[in-house]
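Chains as they are written, first to last, in this note's numbering: chain L, 254 to 461; chain C, 254 to 461.
Using N, Cα and C, we set each Cβ at its ideal position, and we do this for glycine too.
Protein chains: 2
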Amino acid sequence: MTRSPSSSNPDASVRLGRPPKLDDARARILAEAAALFAEQGYETSSLSELAARLGLTKPAIYHYYSSKQDLFDAVILETLTGLVANVEEALADTTGPCEKLRRFMVGHARYFAGHRDGFVTMLVGFGGMKNTEFREDSLVLRRRYEQLLRDIVSEGVETGAFRQVDPVVTARAILSMLSWMVRWFQPSGGKTAEEIALEYVELLALER
Amino acid sequence: MTRSPSSSNPDASVRLGRPPKLDDARARILAEAAALFAEQGYETSSLSELAARLGLTKPAIYHYYSSKQDLFDAVILETLTGLVANVEEALADTTGPCEKLRRFMVGHARYFAGHRDGFVTMLVGFGGMKNTEFREDSLVLRRRYEQLLRDIVSEGVETGAFRQVDPVVTARAILSMLSWMVRWFQPSGGKTAEEIALEYVELLALER
DNA sequence: CCATTTACTTTCCGACCAGTCAGTATATAA
DNA sequence: TTATATACTGACTGGTCGGAAAGTAAATGG
Chain L
254 MTRSPSSSNP DASVRLGRPP KLDDARARIL AEAAALFAEQ GYETSSLSEL
304 AARLGLTKPA IYHYYSSKQD LFDAVILETL TGLVANVEEA LADTTGPCEK
354 LRRFMVGHAR YFAGHRDGFV TMLVGFGGMK NTEFREDSLV LRRRYEQLLR
404 DIVSEGVETG AFRQVDPVVT ARAILSMLSW MVRWFQPSGG KTAEEIALEY
454 VELLALER
Chain C
254 MTRSPSSSNP DASVRLGRPP KLDDARARIL AEAAALFAEQ GYETSSLSEL
304 AARLGLTKPA IYHYYSSKQD LFDAVILETL TGLVANVEEA LADTTGPCEK
354 LRRFMVGHAR YFAGHRDGFV TMLVGFGGMK NTEFREDSLV LRRRYEQLLR
404 DIVSEGVETG AFRQVDPVVT ARAILSMLSW MVRWFQPSGG KTAEEIALEY
454 VELLALER
């Protein structure tokens, strides 16, 4: 996603015909790191084990990422970026707050189901509360995401499509329900994440 | 709360007049451990630092708790026990699902606000998902707590006091909202935890 | 007064881990 | 051919941490 070892060749991956090996390796490490962090948590995961899983050695990882924390941040940033982009795309060309809200929640659930490792890492991976202040870009994305939801609720209330609820409280409640899924959702258990999101939409019954 | 070093004197703390020093020390360690775990997370917290904060040495802690994990489990069990007891007490002699639901949610929020360290340790302290299976007694309490809420919702739906919602989905949604508070609630910021719980009650608008 | 238990302390160990360093093989570029 | 960047590896280090061993001082109890 981002380039950490400053390559002297600007934009190598643009020229087609030659495989962008560096980004491939970076992406592979990132995916495996997300899986490991999701399984064991950040602190309990060791870079030696990550390397072993990848069939690499520890210093090989340091060739692509400058620190363990850097790797962690990259997992979160990638997940968050993908989530926001995906949901915003699901919302494109949609009119009406009812449909928008449904698409937001279902879109979130779908992206979550497809990127559980990243979500688990992002939402429960780090013990303790100090680290909640991530890098600046993550924070910006989080705020944009929550604001997007608030705006949908606001629109619904103002146009009379929704009952009179507080957009701030409502958005936070919705994100709480969706975020907490990370703690109990099992893909093997009956309902899909999207189905659960739809159940939440019905429960809220914002439309009137 | 529980006794781990099997004391030859059965029920020492019952006889008044003599201070129950052992339980005092255990409680002091437990409280400080909860605070430390809440601040830094379980894995990042070291028993040396815990000992230093208490003005003790590391082995002194091992005199009262058999392992770091034991200490962690004790924090969670105490928090969960207190939460369930407190909410059940708040519900006692209450008739009507509307009032019960309000008391459940506000009672939860109040106990959370008064025991944040324990809550943070319990809900975000451990990175990774493997450890979600706690000791058996914790699991029993969790289930009892969720069932309690489900029963309230069921009663409301059956008596016609609430609109037609799914009790399982609704209970999970409510617990999600309340649990996620641990991630963003700040006592310094305007609203109290109880006020937020009441906002959630209104948002749900289960009464009809 | 003595025996036992409680409540610790000092010392230490084995394991592990993030990160470093020095070096190597390969591919590309001039 | 030579120079340079890439993509690594093996060996190592400095530090930390959970936990154990062994001993001590004080209180308790008969």
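Please check if any C-beta of chain L sits within less than 9 angstroms of the C-beta of residue i.
i: D419/C; result: yes
i: L324/C; result: no
i: L456/C; result: yes
i: M358/C; result: no
i: P280/C; result: The sequence given here places Ala at residue 280/C; Pro does not occur at that position. No, no contact with chain L.
i: R436/C; result: yes
i: T445/C; result: no
i: G294/C; result: yes
Who are the neighbours of residue i on chain L, taking C-beta pairs under 9 angstroms?
i: M375/C; result: What M375/C touches in chain L: nothing, since even the nearest Cβ is about 12 angstroms away.
Run the CB neighbour count on residue i, radius 10 Å, all protein chains shown included, and call it buried at 16 or more, exposed below.
i: S257/L; result: Annotation note: pLDDT 36 at S257/L (below 50); position unreliable, no value reported.
i: K311/L; result: exposed
i: S441/L; result: exposed
i: Q293/L; result: buried
i: G378/C; result: buried
i: R396/L; result: exposed
i: R355/L; result: buried
i: E342/L; result: exposed
i: E296/L; result: buried
i: L459/L; result: buried
i: S298/L; result: buried
i: R279/L; result: buried
i: S429/C; result: buried
i: R425/L; result: buried
i: T463/L; result: Residue 463/L cannot be examined here, being either before or after the span of chain L that is shown, 254 to 461.
i: G371/L; result: buried
i: S260/C; result: Note that S260/C scores 33 on pLDDT, short of 50, meaning its location in the model is unreliable and no value can be drawn from it.
Assuming residue i and residue j make a contact with CB atoms under 8 angstroms, what is their CB distance in whole Å?
i: F415/L; j: R461/L; result: 7 angstroms
i: H361/L; j: A450/L; result: 7 angstroms
i: E302/L; j: L283/L; result: About 16 angstroms; that fails the 8 angstroms criterion.
i: F365/L; j: A446/L; result: 6 angstroms
i: Q417/C; j: V410/C; result: 6 angstroms
i: S432/L; j: L376/L; result: 6 angstroms
i: T423/L; j: L457/C; result: In fact, because the Cβ distance is near 10 angstroms, the residues do not count as touching under 8 angstroms.
Show which residues of chain L have a CB atom less than 8 angstroms away from the CB atom of residue i.
i: T423/C; result: L456
Counting only Cβ pairs nearer than 8 angstroms, list the residues of chain C close to residue i.
i: T348/L; result: Neighbours of T348/L on chain C: none; closest Cβ ~25 angstroms, over 8 angstroms.
i: T332/L; result: The premise fails here: T332/L is roughly 16 angstroms from chain C at the closest Cβ pair, so nothing lies under 8 angstroms.
CB-CB under 7 angstroms to residue i, same chain, minus the five flanking residues each way: which ones, in chain order?
i: E408/C; result: P350
i: I314/L; result: I282, L300, L303, A304
i: G335/C; result: Y364, H368
i: L394/C; result: L333, T334, V337
Going along chain C in order, which residues have a C-beta closer than 7 angstroms to the C-beta of residue i?
i: A426/L; result: M430, Y453, L456
i: E352/L; result: Ordered by position in chain C, no residue passes the 7 angstroms Cβ test against E352/L, which lies about 21 angstroms from the chain.
i: G371/L; result: Under the 7 angstroms cutoff, chain C gives no residues; its nearest Cβ is about 13 angstroms from G371/L.
i: E448/L; result: Within chain C, no residue comes near E448/L; the closest Cβ sits about 10 angstroms away, beyond 7 angstroms.
With 9 angstroms as the threshold, decide whether the Cβ of residue i is near any Cβ in chain C.
i: R416/L; result: yes
i: S266/L; result: Reliability of the predicted coordinates at S266/L is poor, the pLDDT of 34 falling under 50, and the value obtained from them is presented with this limitation in mind. No, no contact with chain C.
i: F379/L; result: yes
Note down, in chain order, each residue of its chain lying with its Cβ closer than 6 angstroms to the Cβ of residue i, except the 5 sequence neighbours on either side.
i: M254/C; result: With a pLDDT of only 33 at M254/C, under the threshold of 50, the placement of this residue in the model should not be trusted, and no figure is reported.
i: D419/C; result: none
i: E452/C; result: none
i: M358/C; result: A450, V454
i: T374/L; result: A287, F290, A291, V328
i: R388/L; result: D326
i: G308/C; result: none
Please determine whether the Cβ atom of residue i lies at a distance below 8 angstroms from any heavy atom of the ligand MN.
i: T445/L; result: Of ligands this structure carries none, so the ligand MN is not represented either.
For residue i, which residues from the same chain have a beta carbon less than 8 angstroms from its beta carbon, with the 5 sequence-adjacent residues on both sides left out?
i: T347/L; result: K353, R356
i: V421/C; result: R403
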